[in-house]
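Undergrad: With mature numbering (1 follows the signal peptide of the UniProt record, and there is no 0) as the guide, the letters of the sequence shown map in order to residues -24 to -1, 1 to 541.
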Amino acid sequence: MRANGHNLCVLFLLFEILIGQTLAIRFRWPWQKEGKLPVISINSKIGTIDQYIEKYDLLVKPGYRTDKDFRQKVEAALRKVAAPPQALNTYAVESSFLGCVAFEVTTEQGSRDAISKVRNKFKNKLSKPILVLSDPYAIENGGDIYESWKNAPWTIPESETIPRSFSNGSDPYSGVAMWETSGDLGLDIGLSSPPPPRHLRLRDPNHQQENGRSPASAFNIDQVPVVADWYSGSFPEMRQISQPPGLHEDQVAKFGQLANAFWNYKEGGKGQVVYVLDTGFDHLHQELMDVEFGDWIMASYFPTDEKGGRLTSLNHGTHGTMVTSKVAGRTLGAAREAKIIPVLFSSGRTGLGRGAVIAIIDGFAKIYDHIRGVNNKSNCIVNVSLGSTVEYWQDVFLWNRVGFGASREIMEHYRKAMYYILKELNLLRNAILVIGAGNEFDIEVNGMPAIFGGDFEFSKRTVVVGGTDSDGYNYFQKSHFVRVWAPAANLTLPCEPSGPAFGERIASARRNLSAPMVAGVLATMLSAGVPIDKVVKHMYSLAYPRVKGGPRVLYNGISTSQWHW
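(1) By the DSSP assignment, the alpha helix (DSSP H) with Ile411 in it spans what residues?
(2) Measure the beta-carbon distance from Gly270 to Val249 and round it to whole angstroms, keeping in mind my assumption that it falls under 8 Å.
(3) Given a threshold of 16 other Cβ atoms within 10 Å of its Cβ, counted over all protein chains shown, does Ile419 qualify as buried or as exposed?
(4) Going by alpha carbons, who is nearest to Pro61 out of Thr300, Thr83 and Ala78?
(5) Could you tell me which of Lys399, Lys302 and Gly339 sits nearest to Val497, measuring between CA atoms?
(6) What residue does the alpha helix (DSSP H) around Ala53 start on, and which one ends it?
(7) Could you tell me which residues DSSP pairs with Met274 in its beta bridges?
(8) Using the C-alpha atoms, what's the distance from Val494 back to Gly442?
(9) With DSSP collapsed to three states, give me the class of Glu268.
(10) Would you decide whether Trp272 is buried or exposed? Buried here means 16 or more other CB atoms lie within 10 Å of its CB.
(11) For Phe95, which residues in the same chain have their Cβ closer than 7 Å to its Cβ, ignoring the five residues on either side in sequence?
(12) Could you please give the first and the last residue of the uninterrupted beta strand (DSSP E) stretch that includes Leu107?
(13) Express the C-alpha separation of Leu320 and Val252 in angstroms, rounding to a whole number.
(14) Whole angstroms is fine: what's the gap from Asp254's alpha carbon to Ala335's?
(15) When we look at the beta-carbon of Phe79 and count the other beta-carbons within 10 Å, is it buried (16 or more) or exposed?
(16) When we look at the beta-carbon of Ala275 and count the other beta-carbons within 10 Å, is it buried (16 or more) or exposed?
(17) In the DSSP assignment, the beta strand (DSSP E) including Ile357 goes from what residue to what residue?
(18) Who are the near neighbours of Arg459 in its chain, counting only those whose CB is closer than 6 Å to its CB and skipping five residues on each side?
(19) By DSSP, does Thr500 sit in helix, in strand, or in coil?
(20) Is the separation between the beta-carbon of residue 585 and that of Ile343 shorter than 8 Å?
(21) If you draw a straight line from the alpha carbon of Ala413 to that of Ala464, how long is it in whole angstroms?
(22) Nearest to Glu268 by alpha carbon, out of Thr444, Leu54 and Ile316?
(23) Under DSSP, the alpha helix (DSSP H) around Thr297 begins and ends at which residues?
(24) Going by the beta-carbon positions, is the gap between Pro492 and Ser361 smaller than 8 Å?
(25) Take Ala235 and list the residues in its own chain whose beta-carbon comes closer than 6 Å to its own, dropping the five residues that flank it on each side.
(26) For Tyr28, which option in Asp43, Ala58, Lys44 and Lys454 has the closest C-alpha, if you only look at C-alpha atoms?
(27) Any heavy atom of the ligand ZN closer than 7 Å to the CB of Arg528?
(28) Report yes if the C-beta distance between residue 544 and Val81 is below 8 Å; otherwise report no.
(29) Can you find the residues in the same chain that come closer than 7 Å, C-beta to C-beta, to Ala407, ignoring five residues on each side of it along the sequence?
(30) Determine the DSSP secondary structure at Ala462, reduced to helix, strand or coil.
(31) Alpha carbon to alpha carbon, what distance is there between His224 and Leu176?
(32) Are Val200 and Ala504 touching if we call contact CB-CB under 8 Å?
(33) What did DSSP end up calling Lys31 once you bin it into helix, strand or coil?
(34) Excluding the 5 residues preceding and the 5 following Cys76 in the sequence, name in chain order all residues of the same chain whose CB lies nearer than 6 Å to its CB.
(35) Kindly indicate which residue of Asn532, Gly525, Gly526 and Lys353 has the alpha-carbon position closest to the one of His514.
(36) With DSSP as the reference, label Asp205 as helix, strand or coil.
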């Protein structure tokens, strides 16, 4: 028996040494300390998904962001420790106008000490290095970090949505998308069909009773042509943002079907530019096929070279499509004539978790440069339907648990970098920033960049948008600086066009998509003639509660006096 037991132990050891190393897998035995990272000796390979690398952020401290000599020295030092090819694995997060706010570097595995030595050369000018990606750690904890499409909790299998198909010889990149028909227009154009609301939202009859004159008369936009869309009006969230104060039932009795339309300014955001900082844009989706897209901006490095390498949840694979549809979609958006500038911040290497905040900061820097360099004579709205959550920071702290600074210090470095760029963005006379308050249920705003809305520097040009439920009450995060809400529950959304979740219905319970609705309405007000320095205040003045005691919900200002056949 002793001999058999000895032989069994030898076999297990041989399995770990030979088989485990060959497959680049390391198992944790009972005597191994929890949290110890396995040692895997595999060379990095750029452009693949099976490399073993680490990625670090180093934030530049204020006072050194515009120092070009300092930037060159840091890049030279980082290239010496970067994975090959070194020139591609170092990246400066910078604006050509505002300077460099951070560096990212991808290294071989086990480079903590080397990165720390580089930082020590510039100790008073750089933050401590922050680990945002480690492949071995991902292997060891993959079940917690990455979520598969198959198990995504927000897909509903019992969907009636008609999936996208393509004609013979065509593909998703040919520009010719073919659809099956079901007899239901809502399904044929590729939209989900949320459950109908229990009842129509009642308007508080005692709030802002109309006197027959449009609230927009101060800017003479009550004389601007308006149009009615009855199909869009069939979606409650669309009808709600154009419905004047007063009971809907009374308006139906007086105006008939005119009360069931979505009323919009005819210009529909024409001449306005909306930047959408997000991920997962499908410009071939039927809902977006009429949208005028401008330049496509890629934030972060390696934005697309490793797409598909990381399992990305359905939420992020379609999020940009959903947001854009709520700004300028052919049936779900208000600003259908606006120009959309997609700004993709997702790195193909790190996915959307680790490293997301620095990619968002890079997106803001690129937006700032693009507005000043390309659209300096156009009205620009920047939509941000994202932010850092408590869970995100917990993950970052976990990854940096070995001697890399206190959690508050890590957050503060990122906060200062983001604040610096957004403050400058708010100083642009032709720009407005629209940010979602957050996706948590009925708690105070606590994520970046929404938290900046409480700062005086952001009060005039930054709009933080809350979300309401089907009854008109607050649904998502709130704060004293949230001054406008928009519908955020049971929304109609574009369906996923491809992938394992092909054609599934998408529920909206965990997404606050109220910000793009506000961005779209602001664009229509601008195209109707409201000056950009007055439009935010004007929009706030029009918002009103849809139920007694509810928050002030978005309203575009088109009154019943403008309704016509």
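Note that beta-carbon positions come from the ideal geometry of N, C-alpha and C, so glycine has one too. Fair warning: this is a prediction, and the values are worked out from it, not measured in the lab.
TA: With the structure as the only source:
(1) Your numbering for residue 411 matches position 435 in the sequence shown. Secondary structure note for Ile411: it is in no alpha helix (DSSP H), and the uninterrupted beta strand (DSSP E) holding it is Ala407 to Gly412.
(2) Working through the sequence shown from its first residue, we reach residue 270 at position 294. Working through the sequence shown from its first residue, we reach residue 249 at position 273. With 8 Å as the limit, Gly270 and Val249 qualify as a contact, their Cβ atoms being about 7 Å apart.
(3) In the sequence shown, residue 419 corresponds to position 443, counting from 1. When all chains shown are included, Ile419 counts as exposed.
(4) Here residue 61 refers to the residue found at position 85 of the sequence shown. Of the candidates Thr300, Thr83 and Ala78, the one whose C-alpha sits nearest the C-alpha of Pro61 is Thr83.
(5) Taking the sequence shown and counting its residues from 1, the one referred to as residue 497 is at position 521. Looking only at Lys399, Lys302 and Gly339, the smallest Cα-Cα distance to Val497 is reached by Lys302.
(6) Numbered from 1 along the sequence shown, position 77 holds the residue referred to as residue 53. Counting along the chain, the alpha helix (DSSP H) containing Ala53 begins and ends at Lys44 to Val57.
(7) Walking along the sequence shown from the start, residue 274 turns up at place 298. The partner list for Met274 (beta bridge, DSSP) reads Leu320.
(8) Here residue 442 corresponds to residue number 466 of the sequence shown, with the count starting at 1. Here residue 494 corresponds to residue number 518 of the sequence shown, with the count starting at 1. In a straight line, the C-alpha of Gly442 is about 10 Å away from that of Val494.
(9) Here the question's residue 268 lines up with position 292 in the sequence shown. It is a strand residue.
(10) The residue given as residue 272 occupies position 296 in the sequence shown. Taking every protein chain shown into account, the CB of Trp272 has fewer than 16 other CB atoms within 10 angstroms, so this residue is exposed.
(11) Working through the sequence shown from its first residue, we reach residue 95 at position 119. Note on residue identity: the sequence assigns Arg, not Phe, to residue 95. In chain order, Leu34, Leu102, Lys104 and Pro105 place their CB closer than 7 Å to the CB of Arg95, counting only its own chain and leaving out the 5 sequence neighbours on each side.
(12) Start at 1 with the first residue of the sequence shown, and residue 107 comes out as number 131. From DSSP, the beta strand (DSSP E) with Leu107 extends over Ile106 to Ser110.
(13) Against the sequence shown, residue 252 aligns to sequence position 276. Against the sequence shown, residue 320 aligns to sequence position 344. Going from the Cα of Val252 to the Cα of Leu320 covers about 8 Å.
(14) Sequence index remark: in the sequence shown, residue 254 carries index 278 (1-based). Sequence index remark: in the sequence shown, residue 335 carries index 359 (1-based). So the alpha carbons of these two residues sit roughly 11 Å apart.
(15) Along the sequence shown, one-based indexing puts residue 79 at 103. Note on Phe79: 16 or more other CB atoms within 10 angstroms of its CB, so buried under the neighbour-count rule.
(16) Within the sequence shown, the letter at position 299 stands for residue 275. Classification for Ala275: buried.
(17) Counting from one through the sequence shown, the residue named residue 357 turns up at place 381. Element bounds for Ile357: Cys356 to Val360.
(18) Your numbering for residue 459 matches position 483 in the sequence shown. Only Tyr516 meet the Cβ criterion.
(19) Within the sequence shown, the letter at position 524 stands for residue 500. It is helical.
(20) The displayed coordinates of the chain run from -24 to 541. Any statement about residue 585 would go beyond what the structure contains.
(21) Locating residue 413 in the sequence shown gives position 437, counting from the first residue. Locating residue 464 in the sequence shown gives position 488, counting from the first residue. Cα to Cα, Ala413 sits roughly 11 Å from Ala464.
(22) Here residue 268 refers to the residue found at position 292 of the sequence shown. Considering only alpha carbons, the answer is Ile316.
(23) Residue numbering aside, residue 297 sits at position 321 when the sequence shown is read from its first letter. Boundaries of the alpha helix (DSSP H) harbouring Thr297: His295 to Ala304, taken from the DSSP string.
(24) Along the sequence shown, read from residue 1 onward, the residue named residue 492 stands at position 516. Along the sequence shown, read from residue 1 onward, the residue named residue 361 stands at position 385. Taking 8 Å as the Cβ cut-off, Pro492 and Ser361 qualify as a contacting pair.
(25) Your numbering for residue 235 matches position 259 in the sequence shown. The residues are Gln227 and Val228.
(26) Taking the sequence shown and counting its residues from 1, one reaches residue 28 at position 52. Of the candidates Asp43, Ala58, Lys44 and Lys454, the one whose C-alpha sits nearest the C-alpha of Tyr28 is Ala58.
(27) As far as ligands go, the structure on display features none, and thus does not contain the ligand ZN.
(28) The structure shown does not extend to residue 544, since the chain is modelled only from -24 through 541, so no value can be given for it.
(29) Taking the first residue of the sequence shown as 1, we reach residue 407 at position 431. Contacts found: Ile347, Cys356, Val358, Leu401 and Arg437.
(30) Numbered from its first residue, the sequence shown carries residue 462 at position 486. Ala462: strand per DSSP, three-state reduction.
(31) As a working note, residue 176 is residue 200 in the sequence shown. As a working note, residue 224 is residue 248 in the sequence shown. Because Leu176 sits at a pLDDT of 38, beneath the cut-off of 50, its placement in the model cannot be relied upon, and the point is left open.
(32) As a working note, residue 200 is residue 224 in the sequence shown. As a working note, residue 504 is residue 528 in the sequence shown. In this structure, Ala504 lies closer than 8 Å to Val200 by Cβ.
(33) Here residue 31 refers to the residue found at position 55 of the sequence shown. In the structure shown, Lys31 sits in a strand (DSSP, three-state: E or B).
(34) Indexing the sequence shown from 1 puts residue 76 at position 100. The answer, listed in chain order, is Val36, Arg41, Arg47, Ala68 and Glu70.
(35) Residue mapping note: residue 514 aligns to position 538 of the sequence shown, counting from 1. For the residues Asn532, Gly525, Gly526 and Lys353, the minimum Cα distance to His514 belongs to Asn532.
(36) The residue given as residue 205 occupies position 229 in the sequence shown. Residue state, collapsed to three classes: strand.
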